[in-house]
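Asker: Input: one structure, supplied below.
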Amino acid sequence: MTAVELPQTVTPPAAPAKPAGLFRTAWTFPQAKVGAALTLVVVLIALLGPWLGPVLTGHTTTDFAGKPFKPDGIAGTDGLGRDVLTRFLAGGTTLLLYAVLATALGIVLGALLGMVAGYGGGRLDSFLMRGNDVLLSFPQLVIALLAIAVIGPEGWLLVLVIGLTHAPRTARVTRQATVAVRGNDYIRAAEMYAVPRGQILLREILPNITGPLMVELGLRLTYSIGYIASLSFLGLGIQPPAADWGLMINENRIALVVQPWGVLLPVLAIAALTVGTNLVADSLASAAAGRKREARA
Amino acid sequence: MTRLILRRLLVSLAVLWLVSLLVFVATLLLPGDPARAILGQQATPERIAALQHQLHLDLPVWQRYLDWLGGLLTGDLGTSTSTQGPVTALLGDRISASLALLILAAVLATPLGIGLGTWSAIRRDRVTDQVISGISLVIAALPEFVIGVALVVLLSTTVFKIFPSVTLTTPGEPVWSQPAQLVLPVATLVLVVTPYITRMMRATMNEVLDSGYVEMARLKGMPERLVLTRHALPHAVGPVAQVVALQLAWLAGGVVVVEFLFRYPGIGQALIDAVSKRDVAVVQAITLLIAAVYIVVNLLADVVGILANPKLRTEAGR
Amino acid sequence: MNTLEVTDLAVRTTDGARVLDAVSFAVAPGEVLALVGESGSGKTTAGLAALGHFRRGLVSAGGSVTIRPRGGDPVDVLTLDVASRRRLRGSTVAYIPQDPALSLNPSVRIGVQIAEVLETHSYPGTVSDRVAEVLAEVGLPADEAALRRYPHQLSGGQQQRVGIAMAFACRPSVVVLDEPTTGLDVLTQALVLKTVRELCSEHGVAALYITHDLAVVAELADRVAVMYRGDIVESDAVERLLRHPQHPYTRRLLDAVPDLDEPGGATPPAREPVLAAKSVSVSYGQNVVLRGVDVSVAAGECLMLLGESGSGKTTLSQCIAGLTRSYSGTVALDGTALAPSTRRRSDEQRRRVQYVFQSPFSSLNPRKTVAQSIEVPLMRLTDLSRAQRRERVGEMLDRVRLGRALANRLPEQLSGGERQRAAIARALVTTPDVLVCDEVTSALDVSVQATIVELLGELRRELGMALLFVTHNIALAREVADRIAVLRHGEIVEVGTVDDVLRSPSHPYTRSLLEATPRL
Amino acid sequence: MEERCRPFTRRNFLAVTGVALLAAGCGSTFTAAAPAGPPRSGGTLRVGVTGGGASDTLDPHIPATNPDIARVINLYEPLLVRDHDYQLEMLVAQSLTSAPGARTWTAVLRDGVRFHDGRAVTPADVVATFKRILDPKDPKSGAAGLAMVADVVAKGDRAVEFRLSTPNSGFDDLLGQYSLGIIPADFDVKRPIGTGPFKAGSFTPGLQSTFTRNEHYWRPGQPYLDELVLINFAEDDARINALLSSQVDAIDQVPVALVDVLRSDPRMRVLAADTGTWLPFTMRVDRPPFDDVRVRQALRLVVDREQMINQVLSGQGRLGNDLYAPFDPAYASELPQRKQDIEAAKKLLAEAGHSTLDIELVTAPVQAGAVEAAQVFQQQAKAAGVNVRIRKLDTTTFYGENYLKWDFAQDFWYTRNYLPQVAVGSLPKSPYNETHWQDTEFIGLVAQAGSTVDPKARAELLKKAQKIEYERGGLIIWGFVNQVDAYHVHVAGLVPDRTGISLSGYQFRNAWLGTGKEA
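Residue numbers (the working numbering), protein chains in the order written: chain A, 1 to 297; chain B, 1 to 318; chain C, 1 to 520; chain D, 1 to 519.
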């Protein structure tokens, strides 16, 4: 039986070493561009705001610019007559910082927990997952309130509680992704070569679950921003007299009829930020799903 | 199948017990002595001792837990340090008020979400689908209070002045005696939950519509309407029930912010007051209540999931 | 007069890529036309076009599909509007799906799913009688209990028969069968083909049989049309096409089909077994998978481990490779027993026993280049320096005829065959003494299958390693193996040289397997 | 029917069905005419009142929170009271005359004044009233001010004689307090009976109380209203929104920063009045670091009073000079107006050994502007190196068991003349001495002033007493608040009131409802 030479199915042209990365594919989706733009604008405001504010308005966040709730000046004054625009420009930094820290804590802890449970399997898996169920039976906000009730509204507590309550949710997603990957033969091949478990986790499994992890990162960031801003809005997050978007909304909503800017500016900023990060997360999800469908075809 | 459901029930009970343990321990482990935190400036030694006694802080830990758990089961949720009265009195009709909000939101959001999701799945990749998906993607990202404030600005204080943005109840009368007050809180909750149900329904329906048996049904010449009702929809019930349950449970958390925003006299507002007054007994009770709602709703979703799946339904007692 | 006539059918994707290009074929009543082609040749798209159905992302770009139903005037399906196309489907033109498990609605009883077709096309007679009648025709029990069962309570073969019953319920004029037997084992496949054959000739139904397996075509079809990348390159009566293939592609396909009757190569002299498994048994909970299996392979020799799915052949191969947690009995390498789990074996033992997995799509880490994947065993099991390893990998790539150019490519950029070659390169880079191949060809197209089998043969002779070739396809016996061991429900029922087993099989199960395997 | 045009009583809403009607609103351009002509009787007036909490009470003699005061003024009537222009006006008493030497005062009861249950007021009831107020075991809030009353004796069927231990020419002023309502001898708090224009209806502490018209009221034709409803509001925005959404007809204490919010709505009327109401910061002179007079004086120098009035009251207020009772003729206006002086404050603090100072200021929304004042003070104190931590409580906790025990907190007082205010808040036995002020020289001066009849001599003594408080008192009084209330245009009969008590001194007997609102 000799194989007759036929026009060989030409192997695909030499594609670049790395195929379009997750981000490049995600970038092709329209919502990624919109999302990135929105997020960028708000992040710039949050980071540059504190220096830009006094330069632009000539007021600091605490001095008195005029009579309370007066719409004069660019964005008018708040309940104590402080300049709304300056406080708005300075109001994003802590929110952004706490959100990013909480997300990082949640993702790292969650990914580790998820991978160990997913790859470990058996008793370890069911033990971790049962523990997870207990943590998941609380809305994140309620656990945060419980902690604040006992310790009091502290900055570090916000980051810790929101971060820790992210972990079980991220763990569940990571575990699902890990279990899907663990079924592949290249994992069993690595086991056959007695590659240490730690290396299998980091070298073989982690690179293959970056898709779902990125999506999870985008989602957790969106939720972190939402929860921290909500806690400040409830008066239990960042405390007065600090300038913070969530707090400003609560302080100024009494004079909504006459001086809406104290509420509208922070509301628009938080909305833009959460929508922005969510759009980016969604485009990452479509990219990750897209790539996976391709691989399976 | 009944054994499957029984086992799921046991798991829920175990989780609920673990949750109660977690709530109790959380308040112990965390640093800071509640009595001193409450008394603050005026913490003279004898006042602390008196308050500690009142909060049973002087008993050994496990005994306090058993007392607390015992109280829980018999409906005595301990005494609130701020009102000196029993917690149950404080919660009383607030629970029915919050339940009313939850049920109204669920009754509106679920069919709306499922309808929009199915409609955009059927119209896949056409204008309606893109519009619905786009909007639900944007709204899903917004935190509850942003949506709430937007509604207040739109419908209550600035653009239109139609609905009250504050709930005022004459005591003794249920909240829904003045329905105009419920419109904005319920609208906010519906807007918070519907996007998730819509997106999940759309994803499930897309998956079902791409399935082999739907293609087979079409190739058998069945009209599209029959294909949808007999083959496609039954399969979407299981997963969607899960999401709807998850969202309703999530509502239990979201209600806290909405009640604060609209001054709605429910357990959410009571929780915020209790937290700002550091009234730990009330916080424990409400946290546990919300967690219980969370677990029960998840249990119901799983049961619906099992019933909707014929394989599990037919396996007697596996 | 032909019942189904497809002329110059053209189909392209929504963004313009060409899928089918001027495809023409015809089927007379009672005749079976086989549409043969490899995956991606567009045969399924052509088949579905007969029902006027185009999957998501495909759109018809010309040509006509005329159907002349029994006692009805001919009609071009592509010109019909949606409603009238729908009336045709299931009554005049029927479709039998490839994977019955996916196509039957798991939450609807089978009786109802069959009755649906009749009700939709307002069948004149009493529906329940016709349902019972057609079930009997396909050899399924038609009693009340059977009708009330759910798809998951039936075996693969039974589910496929329900599919066939659904198709023939309204006595269609044309039936399109889309590779109905791929998922089934050889015995069930033979029964299903016989049923389809009888029903078509009995009711004068024109059948369009889509498949990639030429052997099946010889058994079933009257005429054959060979499809290659969207075109029909050749179509003729079965006997003429099989004996005098005109088009080079057809010839290539025919050559790739393993031939059972051709005399094999010389059998090497019996030598000391390098690998011997003694009374190996494995059970998960109460179901026993392996019952005291004894098998051995000598250096340079290839033993084919033959068995249906569920016979325990993969479990046995994994015991040898050390991937199962625990088993009783021993696996000895040159006499010394190996620890059950690979982690407790020595590097040397791990180096000497290598394993190639079934699916090329999941055996290579998608995020590592081919070179990086092949280098892993070298790093773990040998102490070669980086440069030596790099050289060894390059050498191995040439050896499996992949070429060094593909070294830093990702698996996604390679075809199925190339990926399997890379996997083989990884297994052989440490020059093992024993190579275990678990169904390495079953996921590949017939033509690619041949190249892999040929490669393994060359490497075995050249490197002199022992080869344990695990498969369910007995036809490959002559191509690759010296001896065959037949495994059934965890027991070796027969062992012997290829000639002995193929010519005079001693065990009845082997005999039935041989008869059921279609031959050219 | 646009919900906003007319208030949404439950009955109207049930008559209206369907959301469409809700949406068909009439714009806010509806110009409502103020009711004119003779007062019409009938209708229910719903009033939103600030503060209040679980400790609310119907007891006539211990009103603390605003809702308590509003209830007491409408249920009970003292012998005499300060009217809208802060002049003394006879109520249950026809006349009050003092014998020469101001040691015995005789009050003649007005004819025709009857209790809610119809019984006429007798001298015995008056004696019983004062016996309850001065009860040594449970002294009521008015007791301290009437310490000099030795005996109250009924004289005939229409007169009552007050025999004082020491002569007091200002006794009529001391009797003119709203917390001295006349009650029947057999009074029981659970079934409150008084001579006020309204009878008690339902009462839920911390939430709401309702009252019905007293048909036996001695003033002809009054009160015009059938029913009065007082609703508690702890949060400012809830009160404002309740008015804007017409769930109440009038509210007291509009946060001055929101005056424009209400002026921008044509359906609303704003009622502003210069008053003697003041919102002091109270420092306990017996607790460190405030026990050092230099610290107290330093903190008094830290406050920028002009800025406080602008930022907290949006300009609606008058400068304070750490002294109360601005309308009292004996007010020590000659003392120099204290101004912010950060350097001097730092010097004093350094001398006292506190170059940097950490203190906790306890605040609560007891009165409009209270919490804002605390936040502005926090900001102003930073300049002097004083770090103020604000602990915001709700009104129930603020007035809970720790009220009057906070080291550094706030409080609110209505207009009073000097001596009655000292009696209630600056003497060791005063019921509300937040600063625990106990200065022997000060007490001596006040006692002496109390018994000097000659007004000029007494004024001299009071000025010396005020100088002591000015130099080492525990109160920081930065200003006097213009009382601002608001009500729907269809409410009539409310006039500005200088006593500082909102909504024309909570005297709803004059209020009536114009055409805009049906019963």
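Beta carbons: idealized from backbone N, C-alpha and C, even for Gly.
Keep in mind that this is a model prediction, so the values were computed, not measured.
Just confirm the distance between the C-beta atoms of Ile183 (chain D) and Thr129 (chain D), as a whole number of angstroms; I'd bet it's less than 8 Å.
Answerer: Numbered from 1 along the fourth sequence, position 183 holds the residue referred to as residue 183 (chain D). Numbered from 1 along the fourth sequence, position 129 holds the residue referred to as residue 129 (chain D). With a Cβ gap of about 5 Å, Ile183 (chain D) and Thr129 (chain D) count as contacting.
Asker: Return no unless some Cβ of chain D is closer than 8 Å to the Cβ of Ile148 (chain A).
Answerer: Residue mapping note: residue 148 (chain A) aligns to position 148 of the first sequence, counting from 1. No, Ile148 (chain A) does not count as interfacial toward chain D.
Asker: Answer yes or no: does any C-beta atom of chain C fall closer than 8 Å to that of Ser211 (chain B)?
Answerer: Within the second sequence, the letter at position 211 stands for residue 211 (chain B). True, the Cβ-Cβ gap to chain C drops below 8 Å.
Asker: Excluding sequence positions up to five away, which residues of its chain have a Cβ less than 6 Å from the Cβ of Gln259 (chain A)?
Answerer: Translated into positions along the first sequence, residue 259 (chain A) becomes position 259. If we look at Gln259 (chain A) and ignore the five residues flanking it on each side, its Cβ neighbours are Phe69, Pro71 and Gly76.
Asker: Kindly indicate the opening and closing residues of the alpha helix (DSSP H) around Leu514 (chain C).
Answerer: In the third sequence, the residue the question calls residue 514 (chain C) occupies position 514. Pro508 to Ala516 is the span of the alpha helix (DSSP H), which, as asked, contains Leu514 (chain C).
Asker: Determine, for Gly57 (chain C), whether the minimum Cβ-Cβ distance to residues of chain A falls below 8 Å.
Answerer: The count along the third sequence starts at 1 and reaches residue 57 (chain C) at position 57. False, the Cβ-Cβ gap to chain A never drops below 8 Å.
Asker: So which residues of chain B does Ile270 (chain A) contact, with C-beta pairs closer than 9 Å?
Answerer: Within the first sequence, residue 270 (chain A) is the residue found at index 270, counting from 1. Under the 9 Å cutoff, chain B gives Leu142, Pro143, Phe145 and Val146.
Asker: If the cut is a Cβ gap below 7 Å, which residues of chain G does Val166 (chain B) touch?
Answerer: Of the protein chains in the structure, A, B, C and D, none is chain G.
Asker: Which same chain residues, not among the five before or five after Leu30 (chain B), have their C-beta less than 6 Å away from its C-beta?
Answerer: For the purposes of this step, residue 30 (chain B) is taken as residue 30 along the second sequence, with counting starting at 1. Annotation note: pLDDT 49 at Leu30 (chain B) (below 50); position unreliable, coordinate value reported separately. Closer than 6 Å at Cβ, skipping near neighbours: no residue.
Asker: How would you label Glu89 (chain D), buried or exposed, when you count the other beta carbons within 10 angstroms and need 16 or more for buried?
Answerer: Taking the fourth sequence and counting its residues from 1, one reaches residue 89 (chain D) at position 89. Its Cβ having fewer than 16 others within 10 Å, Glu89 (chain D) is exposed.
Asker: Quick check: Ile240 (chain D) and Leu258 (chain D), are their CB atoms within less than 8 Å of each other?
Answerer: Mapped onto the fourth sequence, residue 240 (chain D) falls at position 240. Mapped onto the fourth sequence, residue 258 (chain D) falls at position 258. Contact: yes.
Asker: Within 10 Å of its beta-carbon, does Ala337 (chain C) have 16 or more other beta-carbons around it, so buried, or fewer, so exposed?
Answerer: Translated into positions along the third sequence, residue 337 (chain C) becomes position 337. It counts as exposed.
Asker: What do you get for Ile103 (chain B), buried or exposed, if any count of 16 or more other CB atoms within 10 angstroms of its CB means buried?
Answerer: The residue you call residue 103 (chain B) lines up with position 103 of the second sequence. Flag for Ile103 (chain B) reads exposed.
Asker: Per DSSP, which residues does Asp231 (chain C) bridge with? Please list them.
Answerer: Position 231 of the third sequence, counting from 1, holds the residue named residue 231 (chain C). DSSP, once it has assigned bridges, lists C:Tyr228 as partnering Asp231 (chain C).
Asker: Pairs of beta-carbons, one from the segment 464 to 484 of chain C and one from the segment 287 to 301 of chain C, closer than 8 Å: are there three or more?
Answerer: Yes: at least three Cβ pairs fall under 8 Å.
Asker: Less than 8 Å between CB atoms is the rule here; does Val280 (chain A) satisfy it with respect to chain C?
Answerer: For the purposes of this step, residue 280 (chain A) is identified with residue 280 of the first sequence, where counting begins at 1. Closer than 8 Å: no.
Asker: Buried or exposed, going by whether 16 or more other CB atoms sit within 10 Å of the CB of Val55 (chain A)?
Answerer: Here the question's residue 55 (chain A) lines up with position 55 in the first sequence. Answer is exposed; the Cβ neighbour count stays below 16.
Asker: Using DSSP's beta-bridge definition, name the partner residues of Phe211 (chain D).
Answerer: By 1-based counting over the fourth sequence, the position of residue 211 (chain D) is 211. BP columns for Phe211 (chain D) point to D:Ala200 and D:Leu228.
Asker: Determine the contact status of Lys523 (chain C) and Met227 (chain C), defining contact as a CB-CB distance below 8 Å.
Answerer: One cannot answer for residue 523 (chain C) here, as it falls past the ends of chain C, which runs 1 to 520.
Asker: Please report the straight-line C-alpha distance between Arg389 (chain C) and Ile187 (chain A), rounded to a whole angstrom.
Answerer: What you label residue 389 (chain C) is simply residue 389 of the third sequence in a count that begins at 1. What you label residue 187 (chain A) is simply residue 187 of the first sequence in a count that begins at 1. Computed Cα separation, rounded: 22 Å.
Asker: Could you say if the segment 405 to 416 of chain D and the segment 357 to 370 of chain D meet the contact criterion of at least three C-beta pairs nearer than 8 Å?
Answerer: Output reads yes: the segment 357 to 370 of chain D touches the segment 405 to 416 of chain D.
Asker: Whole angstroms are fine: how far does the CA of Lys278 (chain C) sit from the CA of Gly335 (chain C)?
Answerer: Taking the third sequence and counting its residues from 1, the one referred to as residue 335 (chain C) is at position 335. Taking the third sequence and counting its residues from 1, the one referred to as residue 278 (chain C) is at position 278. Taking the straight line joining both Cα atoms gives about 11 Å.
Asker: With a CB to CB cut of under 7 Å and the five nearest residues on each side skipped, what residues in its chain are close to Phe198 (chain D)?
Answerer: For the purposes of this step, residue 198 (chain D) is taken as the residue at position 198 of the fourth sequence. Hits under 7 Å: Asn74, Leu75, Phe211, Thr212, Arg213, Asn214, Pro223 and Leu228.
Asker: Applying the criterion that 16 or more other CB atoms from any shown protein chain within 10 Å of the CB defines a buried residue, is Ala145 (chain C) buried or exposed?
Answerer: Residue numbering aside, residue 145 (chain C) sits at position 145 when the third sequence is read from its first letter. Ala145 (chain C) is exposed by the Cβ-count criterion.
Asker: Determine whether the Cβ of Asp291 (chain D) lies closer than 8 Å to any Cβ atom of chain B.
Answerer: Within the fourth sequence, the letter at position 291 stands for residue 291 (chain D). Answer no: the Cβ-Cβ gap between Asp291 (chain D) and chain B never drops below 8 Å.
Asker: Does DSSP put Tyr284 (chain C) in a helix, a strand or coil?
Answerer: Working through the third sequence from its first residue, we reach residue 284 (chain C) at position 284. In the structure shown, Tyr284 (chain C) sits in a strand (DSSP, three-state: E or B).
Asker: How is the alpha helix (DSSP H) around Cys302 (chain C) delimited, first residue to last?
Answerer: Taking the first residue of the third sequence as position 1, residue 302 (chain C) is located at position 302. Looking at the DSSP string, Cys302 (chain C) is not in any alpha helix (DSSP H); the run it does join, the beta strand (DSSP E), is Cys302 to Leu306.
Asker: Mind pulling the alpha helix (DSSP H) runs of 4 or more residues that sit fully within the segment 121 to 180 of chain D?
Answerer: As far as the segment 121 to 180 of chain D is concerned, its whole alpha helix (DSSP H) runs of at least 4 residues are 123 to 133 and 171 to 175.
Asker: What residues in its chain sit with their C-beta under 7 Å from that of Arg404 (chain C), if we drop five residues either side in the sequence?
Answerer: By 1-based counting over the third sequence, the position of residue 404 (chain C) is 404. For Arg404 (chain C), where only same-chain residues beyond five positions count, the Cβ hits under 7 Å are Gly394, Leu397 and Asp398.
Asker: Going by Cα to Cα distance, which pick from D:Val376, D:Asp328 and D:Leu299 is closest to Leu313 (chain D)?
Answerer: As a first step, residue 313 (chain D) must be located in the fourth sequence, where it is residue number 313. Per the Cα distances, D:Val376.
Asker: Report the start-end ranges of each beta strand (DSSP E) in the segment 68 to 149 of chain B that is 3 residues or longer and not cut off at the edges.
Answerer: With a minimum length of 3 residues, no continuous beta strand (DSSP E) run stays inside the segment 68 to 149 of chain B.
Asker: With a threshold of 8 Å between beta carbons, is Arg263 (chain B) in contact with chain D?
Answerer: Taking the first residue of the second sequence as 1, we reach residue 263 (chain B) at position 263. Yes, contact with chain D.
Asker: The alpha helix (DSSP H) that contains Arg380 (chain C), what's its start and end?
Answerer: Within the third sequence, numbered from 1, the residue matching residue 380 (chain C) stands at position 380. Start and end: Val370 to Leu381.
Asker: Kindly indicate which three-state DSSP category Arg535 (chain C) falls into: helix, strand or coil?
Answerer: Since the first and last residues shown for chain C are 1 and 520, residue 535 (chain C) lies out of range.
Asker: Quick one: list the residues of chain B neighbouring Asp394 (chain D), beta-carbon separation under 9 Å, in chain order.
Answerer: One-based indexing of the fourth sequence puts residue 394 (chain D) at position 394. What Asp394 (chain D) touches in chain B: Ser82, Asp273, Ser276 and Lys277.
Asker: With DSSP run on the structure shown, which of helix, strand or coil describes Gly221 (chain D)?
Answerer: Your numbering for residue 221 (chain D) matches position 221 in the fourth sequence. Coil, per DSSP.
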